[in-house]
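Colleague: For the sequence shown, position 172 (counting from the first letter as 1) is numbered 202 according to my numbering, and the numbering increases by one without interruption. From the three backbone atoms N, C-alpha and C, an ideal C-beta is built for every residue, glycine too. What you are looking at is a predicted structure, and each value in this text was computed from that prediction instead of being measured. Below is the structure I would like to discuss, written out as structure tokens.
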Amino acid sequence: MASFDNPGHPAYRASLGSGGLLLRWSTAEDRAGCILLSCLAVMEQEGHESERSVRFLEPYMDDGFYAGSSTNWAVCVDSSPIEVSETPTSSGSDSYVDQMRVAASSAKERVVAAVYFLPGEFAFESDAVRVPVGKAHILACKAAYRGRSGGDNIMDRLFGMVNARAYNTGCAFMAMAGIPSYYRSHGYEYALQMGRGLITHISALSPPSPPTDASSFTLRAGTLDDVPVLERSVLAPRANAGIFIGMQDSTTLTSQLHYLLGDRPPSFAGAVDPFFVLEKRDTPDTPPRVVAAAGLRGRPGAPTAVVHPLLWDGVENASIVAQALVCALVKAVGALPTTDGSQNKLINLLWTLPDAHPLYRWLLAHELAIPPPESSRYDLLDVWWVGIHSLSRFLAALTPALNARLAGSRHILGANHTATLHIAAPRAMGGSVVLRIADGAVLVAPANTEKDPKPNLTLPRGALTQLMMGYAGWRELKAVFPDVAVESTVVPLVDVLFPTRSVSAALYI
């Protein structure tokens, strides 16, 4: 396929109807248009974008923050001539947002809809196996273009571009968070539950009763010297959890940590959110070492401070770290200066961490935080939707993890287990796949209807996606989906290859 015909190629360019709408991948010149449009995704009204939201979103057009960010937007642009009456003029305001509005509206090709493709990785088997994944991270379309000719399929075409980019870059699957009926129509199924996080009500905390060695812990502001140890904490092993990692290389991770700690290009003039590290001194004569870290988000002095990210070194006692961190963090946040000099009115700490985070259960166990009220099974950030557009590619990428699961199950299957697992899959997932198990290894291949035996594992698309991601086991799925079918001869093998697992995230910012 020629590059200009491949929707995932940077050179792709296609007309959408006769109204001057074009589909293409973004360039650095689309910076203002993409950033302003993205404000719609965080519930701001068109024409009323706040500087805080603009500052929060603009790193997604910076190649130093996410590698390739300026070219990872699937965009629909309006290339029709601007009417004289619509020609934007400067209002004389020196507002950063006003200047960006003028730049966006005066562009020759104005961004009217976009989907941002975030490259990442997913770690299986406690980070022993990583596979490339993509996330449809930001979706937005201007209201005026949703109902005009061609408007109904603008987002369909953008999804097609993002899925093609994922295929071109070797992604095993795609993920996103949001509205179920909308995403299911694009081939995504509810398959990852990150959890609703936790909330600490300051007034409900018991009088401080820190651990016995609390004097050995201190909280201080993070510095650039902390980056190496923070990198190790981001990727600290998490037993029995699958991990979404919002980057694909160590360079990107380093750039993100530098950004969080305030080392940013001059163009990023927004306020730097507080970032604290928790240190422990093992003996009075030894230097302290960083055992945890926490970033804060929110308006200074606001009643609620959002804790994200929350990092732990994976070594220090998690129970003690959770207690020491909350005691120190509440005091530190309450002492932060406000923008108007008024007294800090901190009421809550909102922890945006998944259920599988290693500190989660200790915050609960010590009654330092509780789950927030559940608003919906499909909360925006907590439920992730997964699109497996090629089951054979997904399983091929997962082969090292499948082999590891086989190696750990010899007491169940035997040392030289031989079997053929034929998984029936719909055409939307690339068709059926055969797994051949021999000599402790798995071989993945597309099914051959003429040569391979009939399927011995059959599930509808939603159930199959959930089984592959470890969201649920086949027995649980069969109770919900009556058409799930597993032949008795392969039941032990299915149990071994596709166990349920919890899911976490690493520095997903």
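Which residue's Cα is closest to the Cα of HIS595: GLN278, TRP415, LEU355, PRO304?
Modeller: No statement about residue 595 is possible, as the shown extent of the chain runs from 31 to 539 and does not include it.
Colleague: Nearest CA to the CA of ILE65: which residue from SER233, PRO296, PRO295, MET91?
Modeller: Numbered from its first residue, the sequence shown carries residue 65 at position 35. Here the closest residue by C-alpha is MET91.
Colleague: Quick one: grab the DSSP three-state call for ILE418.
Modeller: In the sequence shown, residue 418 corresponds to position 388, counting from 1. Look at ILE418 here: in three-state DSSP terms it is coil, with no helix or strand label.
Colleague: Can you check whether the CB of ALA104 is closer than 8 Å to the CB of LEU51?
Modeller: Start at 1 with the first residue of the sequence shown, and residue 51 comes out as number 21. Start at 1 with the first residue of the sequence shown, and residue 104 comes out as number 74. In this structure, ALA104 does not lie closer than 8 Å to LEU51 by Cβ.
Colleague: In whole angstroms, what is the alpha-carbon distance linking ARG457 and VAL474?
Modeller: Taking the sequence shown and counting its residues from 1, one reaches residue 457 at position 427. Taking the sequence shown and counting its residues from 1, one reaches residue 474 at position 444. The straight-line gap from Cα to Cα measures roughly 17 Å.
Colleague: Between ALA401 and THR101, what straight-line distance do the alpha-carbon atoms span, to the nearest angstrom?
Modeller: Position 371 of the sequence shown holds residue 401. Position 71 of the sequence shown holds residue 101. It is Pro, not Ala, that sits at residue 401 in the sequence shown. Distance between the alpha carbons of PRO401 and THR101 is about 38 Å.
Colleague: Pull the bridge partners of PHE154 from the DSSP assignment, please.
Modeller: Numbered from its first residue, the sequence shown carries residue 154 at position 124. According to DSSP, PHE154 bridges with VAL159.
Colleague: Would you list the residues sitting across from ASP108 in a DSSP beta bridge?
Modeller: Within the sequence shown, the letter at position 78 stands for residue 108. In DSSP, ASP108 forms a bridge with LEU51, ARG140.
Colleague: Output the residue ranges of the alpha helix (DSSP H) runs that lie fully inside the segment 78-103 and measure 4 residues or longer, sorted by chain position.
Modeller: 81-87
Colleague: Would you say the segment 337-352 touches the segment 186-202, given that touching needs at least three Cβ pairs under 8 Å?
Modeller: no
Colleague: What is the rounded straight-line gap between the Cα of MET206 and the Cα of ASP312?
Modeller: Numbered from its first residue, the sequence shown carries residue 206 at position 176. Numbered from its first residue, the sequence shown carries residue 312 at position 282. Straight-line Cα distance between these residues: approximately 42 Å.
Colleague: Measure from the alpha carbon of ASP256 to the alpha carbon of each residue in SER422, GLU506, ASP279, ASP293, then state which is nearest.
Modeller: Translated into positions along the sequence shown, residue 256 becomes position 226. Checked all of SER422, GLU506, ASP279, ASP293; the closest Cα to ASP256 is ASP293.
Colleague: Can you check whether the CB of PRO384 is closer than 8 Å to the CB of SER534?
Modeller: Numbered from its first residue, the sequence shown carries residue 534 at position 504. Numbered from its first residue, the sequence shown carries residue 384 at position 354. Closer than 8 Å, so yes.
Colleague: Which residues in the same chain as ARG407 place their Cβ atom closer than 6 Å to its Cβ, once the five residues preceding and following it in sequence are excluded?
Modeller: In the sequence shown, counting from the first residue as 1, residue 407 sits at position 377. Because ARG407 carries a pLDDT of 49, less than 50, the predicted location of this residue cannot be relied on, and no value is offered for it.
Colleague: Is it right to say SER48 is buried, meaning 16 or more other beta carbons lie within 10 angstroms of its own, or is it exposed?
Modeller: Along the sequence shown, read from residue 1 onward, the residue named residue 48 stands at position 18. Classification for SER48: exposed.
Colleague: What is the DSSP secondary structure of TYR197, reduced to helix, strand or coil?
Modeller: Here the question's residue 197 lines up with position 167 in the sequence shown. Note: TYR197 maps to helix in three-state DSSP.
Colleague: CB-CB under 6 Å to SER246, same chain, minus the five flanking residues each way: which ones, in chain order?
Modeller: On the sequence shown, position 216 is the one that residue 246 refers to. Within the same chain, and ignoring the five residues on either side of SER246 in sequence, the residues whose Cβ sits closer than 6 Å to its Cβ are LYS310, ARG311.
Colleague: Do ARG327 and VAL336 have their C-beta atoms closer together than 8 Å?
Modeller: The count along the sequence shown starts at 1 and reaches residue 327 at position 297. The count along the sequence shown starts at 1 and reaches residue 336 at position 306. Yes, the pair counts as a contact, with Cβ atoms nearer than the cut-off.
Colleague: Does the distance from the CB of TRP381 to the CB of LEU228 come in under 8 Å?
Modeller: Locating residue 381 in the sequence shown gives position 351, where the first residue counts as 1. Locating residue 228 in the sequence shown gives position 198, where the first residue counts as 1. A contact, by the Cβ cut-off of 8 Å.
Colleague: Check for me: the alpha helix (DSSP H) holding TYR289 runs from which residue to which?
Modeller: Residue 289 sits at position 259 when you count from the first residue of the sequence shown. 280-290 is the span of the alpha helix (DSSP H), which, as asked, contains TYR289.
Colleague: Tell me whether GLU76 is buried or exposed, calling it buried when 16 or more other Cβ atoms sit within 10 Å of its Cβ.
Modeller: Looking up residue 76 in the sequence shown gives position 46. It is exposed - the Cβ of GLU76 has fewer than 16 other Cβ atoms within 10 Å.
Colleague: Indicate the three-state DSSP secondary structure (helix, strand or coil) for ARG407 in the structure shown.
Modeller: Working through the sequence shown from its first residue, we reach residue 407 at position 377. For ARG407, the pLDDT reaches just 49, beneath the cut-off of 50, and the residue's location in the model is therefore unreliable, leaving the point undetermined.
Colleague: With C-beta atoms as the reference, is LEU222 less than 8 Å away from TYR42?
Modeller: Residue mapping note: residue 222 aligns to position 192 of the sequence shown, counting from 1. Residue mapping note: residue 42 aligns to position 12 of the sequence shown, counting from 1. Their beta carbons are not under 8 Å apart, which means LEU222 does not touch TYR42 by this criterion.
Colleague: Can you tell which of ALA426, LEU291, PHE147, LEU465 has its C-alpha closest to the C-alpha of GLY38?
Modeller: Counting from 1 along the sequence shown, the entry for residue 38 is found at position 8. Ranked by Cα distance from GLY38, the first of ALA426, LEU291, PHE147, LEU465 is PHE147.
Colleague: With which residues is LYS165 paired in a DSSP beta bridge?
Modeller: Locating residue 165 in the sequence shown gives position 135, where the first residue counts as 1. Partner(s): LEU148, ALA205.
Colleague: Please work out which residues of its chain come closer than 7 Å, Cβ to Cβ, to PRO29, disregarding the five sequence neighbours upstream and downstream, and give them in chain order.
Modeller: Coverage of the chain is limited to positions 31 through 539, which leaves residue 29 absent and any answer about it impossible.
Colleague: From VAL307 to ARG319, what distance separates their C-alpha atoms?
Modeller: The residue you call residue 307 lines up with position 277 of the sequence shown. The residue you call residue 319 lines up with position 289 of the sequence shown. So the two alpha carbons sit approximately 10 Å from each other.
Colleague: So what's LEU523 in DSSP terms, helix, strand or just coil?
Modeller: If you number the sequence shown from 1, residue 523 lands on position 493. Correct three-state label for LEU523: helix.
Colleague: Skipping 5 residues on each side, what residues in its chain have a beta carbon closer than 7 Å to that of GLY364?
Modeller: Walking along the sequence shown from the start, residue 364 turns up at place 334. The beta carbon of GLY364 sits closer than 7 Å to the beta carbons of ASN374, LEU376 from its chain, once the five residues preceding and following it are set aside; these are given in chain order.
Colleague: If TRP342 and SER263 are in contact, beta carbons under 8 Å, what's the gap, nearest whole angstrom?
Modeller: As a first step, residue 342 must be located in the sequence shown, where it is residue number 312. As a first step, residue 263 must be located in the sequence shown, where it is residue number 233. With 8 Å as the limit, TRP342 and SER263 qualify as a contact, their Cβ atoms being about 6 Å apart.
Colleague: Using a 10 Å radius around the Cβ and a threshold of 16 neighbouring Cβ atoms, would you call PRO512 buried or exposed?
Modeller: Residue 512 sits at position 482 when you count from the first residue of the sequence shown. With fewer than 16 other Cβ atoms within 10 Å, it is exposed.
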